[in-house]
Each structure stands twice: as structure tokens, then as C-alpha cells.
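Peer 1: Residues in the sequence shown are numbered from 6 upward in steps of one, following the numbering used here.
Glycine included, C-beta positions come from ideal geometry on N, C-alpha and C.
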Amino acid sequence: MPSIFQKKSLLPLLFFFILTGCSNTFVQIGGMLKESVVGFPDDNVTATEIEKSPYASIHVRINNTNRSYIVLAYAEAPQTLPITRINSKNIELKWVSSDNGMLVTRNGRLLKSVNLFVGNRLNINSKQTDPIALGLHLSSTPMQWENTVDWQPGYHVSYQQHSTFSFVSDETLTINDKTVTLKKFNEHVVVANLDIEYDNQFWVDESTGKVIKSYQKIAPNLPYIEMTLLKPYGFEDAK
């Protein structure tokens, strides 16, 4: 069954984690470096197994490929923040597959990808707070956002993007054999320098604003990636 990631050995990435885990580059919160990192086809992992697993996990799919089950390998806090200011809104989550692929997210937003077979997002930056972090479900949250994005293949650096968010509807989804009602929001993105426009979708919890499912373009000229949260990372339990 094809993977969403390029086929490479897992050993170099594990070695990378071992090295950086001893430096101040990564902040381990509650021992979030896992004993094993996996990326199985989703039909190999049952809802019961997901619930019983101690690991936070997601389903991932690119276009029409098979979904993969991926667990959290690391949680990283910004180096510049004192420990007292670290919270779930500023932690970057690193989801790692068994074939040396990695997705980095914050508040459900894809920040970076490594070893995707279709190409990779290298970074996304903004001087403004991402509306997703503020909570799309709140009337006080700004519905406009400016950011820049970098990606490969090719030399694509600091392309300006303008986002406009809008509420779509309440939708009922089945996730991990459970029915949930979520608020669906659309993010319309304009990349003026490339004359490209596209839409991302985010399904958020109606009470917390947490992103449960998303459909995001990896980069303006790359495919979409779908991510569904199966078991969340419990920051409060890891402190």
C-alpha cells in the first residue's frame, strides 16, 4: 500500500531525535519522545487500539492516497519562551511516520513537512497571530491574516499570502467510530505574485475552537493534505 511519504530509512531520523533531544533545541514535555514512531495504513489500526494507545495520533491523506495512521513523536516549545509561558497554543507538534516522514503542526496549522513525495512546505511565517490560534469560533477573532510561505521543490521563498476566513456550516462527522458535530470554516488564500487563489478548510470544536480536521494546501502549487485528529496531545497531563 503506497505511503504518503518518500521511502527512506527511519534510522537517520531517529538518530536526529537522539542527538537533538539532548540539546536545548527541543523542549521535552512529559517525555514526548516516543519509544516507537509509526505510520501504518489506517485499516491496520482499530478505534479501540487508538483509544488505548498512550500516544497522540492523527490520520493523514494526500489527495486520493490511502490514509496513514501517524503518532506524535515530539512536542517543541519556542526557545525564547520561559517555561511559565509555555502553553498548548505555542507548542509545535512533530508527527513522524515509520518511513522517515514528518509533519509539523501548531494549533492544527501545517507549518512544515519533511519527505512528502509530492513536495514539502518548508515554513510559514507571520507577524500576526494565526486566527486559528485565537479560535475561529469566537466573534472577536480577526478573519483576515497575512503570512509568507516557503516550499520545495524549486526555490520558493517568502511568497506573500492573504487569507480571509469565513464560517461555512455545522457538520456532523464520524471520527474514530464516534459522531461529532463541528464548525466548518473556509480559508480563502490569495497569492497575488503568482496569480493563484485556493481554499483551505478547518473543522473546529464548537466550544474550544480546537482544530479536529483540516484540508490544507501544502503550497500554492502543491496538492492538499488532509489531517484528522484521532487522539489529542494532552499538554496539561504532560506538565
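#1: Leaving out five residues before and five after LEU139 in sequence, what residues of the same chain have Cβ atoms less than 6 Å from its Cβ?
#2: Under the three-state reduction of DSSP, which class applies to LYS189: helix, strand or coil?
#3: Could you give the residue range of the alpha helix (DSSP H) that holds ILE137?
#4: From TRP150, GLN166, ASP135, TYR60, pick the residue whose C-alpha is nearest to that of VAL76; which is it?
#5: Skipping 5 residues on each side, what residues in its chain have a beta carbon closer than 6 Å to that of TYR266?
#6: With a 10 Å radius around its C-beta and 16 neighbouring C-beta atoms as the bar for buried, classify VAL162 as buried or exposed.
#7: Excluding the 5 residues preceding and the 5 following LYS13 in the sequence, name in chain order all residues of the same chain whose CB lies nearer than 7 Å to its CB.
#8: Taking 7 Å as the threshold (C-beta atoms), are VAL123 and PRO228 in contact?
#9: Which whole-angstrom value is the C-beta distance of LEU178 and ILE63, which I expect to be below 8 Å?
#10: Let's see if you can read the secondary structure: which residues bound the alpha helix (DSSP H) around ILE55?
#11: State the DSSP-derived secondary structure class of ALA197, mapped to helix, strand or coil.
#12: Relative to the C-alpha of ASN69, which candidate in TYR238, ALA224, TYR220, PRO225 has its C-alpha closest?
#13: Return the CA-CA distance between GLU211 and GLU192, expressed in angstroms with no decimal places.
#14: Within the continuous beta strand (DSSP E) that includes ALA78, where are the two ends?
#15: Is TRP150 closer than 7 Å to GLN133 when the C-beta atoms are compared?
#16: Alpha carbon to alpha carbon, how far is LYS218 from VAL50? Give it in angstroms, no decimals.
#17: Is ALA224 near ARG66, with beta carbons less than 7 Å apart?
#18: At what residue ranges does the segment 91-145 contain a whole run of the alpha helix (DSSP H), taking only runs of 4 or more?
#19: Determine the direct distance from the alpha carbon of ARG114 to that of ALA52, and round the result to whole angstroms.
#20: Among THR184, PRO83, GLN157, LEU143, which has the Cα closest to the Cα of LYS245?
#21: Expressed to the nearest angstrom, what Euclidean distance is found between the alpha-carbon atoms of GLU40 and GLU56?
Peer 2: Once the coordinates are examined:
#1: Locating residue 139 in the sequence shown gives position 134, where the first residue counts as 1. Excluding sequence neighbours, LEU139 sits near THR146.
#2: For the purposes of this step, residue 189 is taken as residue 184 along the sequence shown, with counting starting at 1. DSSP places LYS189 in strand when its eight states are reduced to three.
#3: Counting from one through the sequence shown, the residue named residue 137 turns up at place 132. Where ILE137 is concerned, the enclosing alpha helix (DSSP H) stretches over 136-139.
#4: The residue labelled residue 76 in the question sits at position 71 within the sequence shown. The shortest C-alpha separation from VAL76 is found at TYR60.
#5: The question about residue 266 has no answer, for the chain in this structure spans 6 to 244.
#6: On the sequence shown, position 157 is the one that residue 162 refers to. The residue in question, VAL162, is exposed, as its Cβ has fewer than 16 Cβ neighbours within 10 Å.
#7: As a position in the sequence shown, residue 13 is number 8, starting the count at 1. Confidence at LYS13 is low in this model, with a pLDDT of 47, below 50, so its placement is unreliable and the value that follows should be read with caution. Within the same chain, LYS13 has close Cβ partners ASP104, ASN105, ASN120.
#8: Counted from its first residue, the sequence shown places residue 228 at position 223. Counted from its first residue, the sequence shown places residue 123 at position 118. Cβ atoms of PRO228 and VAL123: closer than 7 Å.
#9: Taking the first residue of the sequence shown as 1, we reach residue 178 at position 173. Taking the first residue of the sequence shown as 1, we reach residue 63 at position 58. Contact flag wrong, Cβ pair sits at about 14 Å.
#10: Position 50 of the sequence shown holds residue 55. That run of the alpha helix (DSSP H) goes 52-57.
#11: Mapped onto the sequence shown, residue 197 falls at position 192. Residue state, collapsed to three classes: helix.
#12: Walking along the sequence shown from the start, residue 69 turns up at place 64. For ASN69, the nearest C-alpha among the options comes from TYR220.
#13: The residue labelled residue 211 in the question sits at position 206 within the sequence shown. The residue labelled residue 192 in the question sits at position 187 within the sequence shown. The alpha-carbon atoms of GLU211 and GLU192 are separated by roughly 17 Å.
#14: Residue numbering aside, residue 78 sits at position 73 when the sequence shown is read from its first letter. Residues 73-81.
#15: Position 128 of the sequence shown, counted from the start, is the residue given in the question as residue 133. Position 145 of the sequence shown, counted from the start, is the residue given in the question as residue 150. Yes.
#16: Here the question's residue 50 lines up with position 45 in the sequence shown. Here the question's residue 218 lines up with position 213 in the sequence shown. Distance between the alpha carbons of VAL50 and LYS218 is about 19 Å.
#17: By 1-based counting over the sequence shown, the position of residue 224 is 219. By 1-based counting over the sequence shown, the position of residue 66 is 61. Not closer than 7 Å, so no.
#18: 136-139
#19: Numbered from 1 along the sequence shown, position 47 holds the residue referred to as residue 52. Numbered from 1 along the sequence shown, position 109 holds the residue referred to as residue 114. Those two C-alpha atoms are separated by around 24 Å.
#20: The structure shown does not extend to residue 245, since the chain is modelled only from 6 through 244, so no value can be given for it.
#21: The residue you call residue 40 lines up with position 35 of the sequence shown. The residue you call residue 56 lines up with position 51 of the sequence shown. Model confidence at GLU40 stands at a pLDDT of 32, short of 50, so the residue's coordinates are unreliable; what they give is reported in the following sentence. Rounded to whole angstroms, GLU40 to GLU56 spans 18 Å at the Cα level.
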